[in-house]
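Structure record follows, encoded as structure tokens.
Protein chains: 2
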Amino acid sequence: MTILYENKWVYIEQEESSIPWLKIFVQQEAKELTDCNPETQQEIFRVLIVLEKAMLDYFQPEKINIASFANYLPKVHWHIMARFKDDSHFPEPMWGEKQRDGDLQLPSMDVFIGRLEALLSGG
Amino acid sequence: MTILYENKWVYIEQEESSIPWLKIFVQQEAKELTDCNPETQQEIFRVLIVLEKAMLDYFQPEKINIASFANYLPKVHWHIMARFKDDSHFPEPMWGEKQRDGDLQLPSMDVFIGRLEALLSGG
Numbered sequence: 008m009t010i011l012y013e014n015k016w017v018y019i020e021q022e023e024s025s026i027p028w029l030k031i032f033v034q035q036e037a038k039e040l041t042d043c044n045p046e047t048q049q050e051i052f053r054v055l056i057v058l059e060k061a062m063l064d065y066f067q068p069e070k071i072n073i074a075s076f077a078n079y080l081p082k083v084h085w086h087i088m089a090r091f092k093d094d095s096h097f098p099e100p101m102w103g104e105k106q107r108d109g110d111l112q113l114p115s116m117d118v119f120i121g122r123l124e125a126l127l128s129g130g
Numbered sequence: 008m009t010i011l012y013e014n015k016w017v018y019i020e021q022e023e024s025s026i027p028w029l030k031i032f033v034q035q036e037a038k039e040l041t042d043c044n045p046e047t048q049q050e051i052f053r054v055l056i057v058l059e060k061a062m063l064d065y066f067q068p069e070k071i072n073i074a075s076f077a078n079y080l081p082k083v084h085w086h087i088m089a090r091f092k093d094d095s096h097f098p099e100p101m102w103g104e105k106q107r108d109g110d111l112q113l114p115s116m117d118v119f120i121g122r123l124e125a126l127l128s129g130g
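Chains as they are written, first to last, in the numbering used here: chain A, 8 to 130; chain B, 8 to 130.
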């Protein structure tokens, strides 16, 4: 997968999906959030807040969804998704039952991804 | 629902489930995490960390799962779940397809809940 942004603590990838969906991975080897060092924990929370705000502003979704499972892949990662009333699964989680064929007309995800560095470098 | 713990920023309820599953609600009216004031955001993260560590120690699960959707109920709340290899849905999320009839022999949830005040009051 392409790494879209990274720093000392975390890196970000995109999940292939019909909705805007990013994944935050931690750089250290850790199975659980509490296995991460405090700096990494704080960075996860900081990035979640920045990404949520940016996705709300840019995509104008109905709701932001956040999740961290890692049941298959024992490596801490967080999902952040922009959800829309007419997306494939709403109001179910993206892991729930499909509700319909989604046909979303959204602003460019590539443009959003192009802003990640500026958004997250806090510069 | 019974409130198991609360303070100025958050309160905790139990989800009825065959697995240990708690929900952290925010006291303020907020649809998204970024609608919450910074103190409430920090308290959510603090409580998640404390609960994850306590659930790992007490229930010895295979994995902790964390999620915040609120697609049905537009009020910020976070799920924290202790997952086991032989629970009803593992390795799928609890919102995914059921895998089997779960039959878990776990330490008492009531005893765990009885410790929440001490765990979270930091006293």
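Idealized CB from N, CA, C, for every residue including glycine. This one's a predicted model, so the numbers in the text were calculated from it and none came from an experiment.
Within 10 Å of its beta-carbon, does M62/B have 16 or more other beta-carbons around it, so buried, or fewer, so exposed?
If you number the second sequence from 1, residue 62/B lands on position 55. The residue in question, M62/B, is buried, as its Cβ has 16 or more Cβ neighbours within 10 Å.
Please name the residue, chosen from I10/A, A125/A, S115/A, E124/A, that lies closest to Y65/A on a Cα-to-Cα basis.
Locating residue 65/A in the first sequence gives position 58, counting from the first residue. When each option's Cα is compared against that of Y65/A, the closest is S115/A.
Touching or not, the stretch 41 to 53 of chain A and the stretch 88 to 97 of chain A, by the rule of three or more beta carbon pairs under 8 Å?
no
At a CB-CB cut-off below 9 Å, which residues of chain A make contact with S75/B?
For this step, residue 75/B is matched to residue 68 along the second sequence. Simply I71, N72, I73, A74.
Straight-line CA distance for P27/A to Q21/B?
The count along the first sequence starts at 1 and reaches residue 27/A at position 20. The count along the second sequence starts at 1 and reaches residue 21/B at position 14. Approximately 31 Å, taken between the alpha carbons.
Any heavy atom of the ligand FMN inside 7 Å of the beta-carbon of S24/A?
As for the ligand FMN, it is missing from this structure, which has no ligand bound.
Secondary structure at S75/A, three-state DSSP: helix, strand or coil?
Counting from one through the first sequence, the residue named residue 75/A turns up at place 68. Of the three classes helix, strand and coil, the one that applies to S75/A here is strand, per DSSP.
Residue-level contact to chain A via CB, Q35/B, 8 Å cutoff:
The residue given as residue 35/B occupies position 28 in the second sequence. It does not; no Cβ of chain A falls within 8 Å.
Check this for me: beta carbons of R90/B and N78/A, under 8 Å apart or not?
Position 83 of the second sequence, counting from 1, holds the residue named residue 90/B. Position 71 of the first sequence, counting from 1, holds the residue named residue 78/A. Closer than 8 Å, so yes.
Under the assumption that V57/A contacts L126/A (Cβ atoms under 8 Å), give the Cβ distance between them as a whole number of angstroms.
Within the first sequence, the letter at position 50 stands for residue 57/A. Within the first sequence, the letter at position 119 stands for residue 126/A. So it is a contact: roughly 6 Å between Cβ atoms.
Going by beta-carbon coordinates alone, are K30/A and P81/A separated by less than 8 Å?
Taking the first sequence and counting its residues from 1, the one referred to as residue 30/A is at position 23. Taking the first sequence and counting its residues from 1, the one referred to as residue 81/A is at position 74. In this structure, P81/A does not lie closer than 8 Å to K30/A by Cβ.
Is the shortest distance between the beta-carbon of P135/B and the beta-carbons of chain A less than 8 Å?
The question about residue 135/B has no answer, for chain B in this structure spans 8 to 130.
Identify, in the order they occur along the chain, each residue of the same chain with its Cβ nearer than 7 Å to the Cβ of K105/B, setting aside the five sequence neighbours on each side.
On the second sequence, position 98 is the one that residue 105/B refers to. Counting only Cβ-Cβ distances below 7 Å, and skipping sequence neighbours, we find S95, H96.
Applying a beta-carbon distance threshold of less than 8 Å, which residues of chain A neighbour N44/B?
Along the second sequence, one-based indexing puts residue 44/B at 37. Ordered by position in chain A, no residue passes the 8 Å Cβ test against N44/B, which lies about 12 Å from the chain.
Anything in chain A within Cβ reach of E50/B, meaning under 8 Å, just list it in chain order.
Sequence index remark: in the second sequence, residue 50/B carries index 43 (1-based). Neighbours of E50/B on chain A: none; closest Cβ ~12 Å, over 8 Å.
Determine the chain A residues that contact G103/B at a beta-carbon separation under 8 Å, and present them in chain order.
Looking up residue 103/B in the second sequence gives position 96. Near G103/B (Cβ distances below 8 Å), the residues of chain A are W102, G103.
Nearest-angstrom Cα separation, counted from L55/B out to G103/B
Numbered from 1 along the second sequence, position 96 holds the residue referred to as residue 103/B. Numbered from 1 along the second sequence, position 48 holds the residue referred to as residue 55/B. So the two alpha carbons sit approximately 22 Å from each other.
What are the partner residues of I87/A, as DSSP defines its beta bridges?
One-based indexing of the first sequence puts residue 87/A at position 80. L29/A, I73/A.
Taking K60/B as the query, report the chain E residues whose CB atoms sit under 8 Å from its CB, ordered along the chain.
Included in the structure are the protein chains A and B, with no chain E among them.
Rounded to whole angstroms, what's the CA-CA distance from I120/A to T9/A? Just pull it up for me.
Here the question's residue 120/A lines up with position 113 in the first sequence. Here the question's residue 9/A lines up with position 2 in the first sequence. One C-alpha to the other measures close to 11 Å.
Would you tell me roughly how many angstroms separate the C-alpha atoms of G129/B and H84/B, rounded to the nearest one?
As a first step, residue 129/B is located in the second sequence; it is residue number 122 there, counting from the start. As a first step, residue 84/B is located in the second sequence; it is residue number 77 there, counting from the start. So the alpha carbons of these two residues sit roughly 22 Å apart.
Tell me whether the beta-carbon of P68/B lies closer than 8 Å to the beta-carbon of F76/A.
Taking the second sequence and counting its residues from 1, one reaches residue 68/B at position 61. Taking the first sequence and counting its residues from 1, one reaches residue 76/A at position 69. No, they are not a contact pair.
Simplified DSSP assignment, three categories, for E46/A:
For the purposes of this step, residue 46/A is taken as the residue at position 39 of the first sequence. If DSSP states are grouped into helix, strand and coil, E46/A belongs with the helices.
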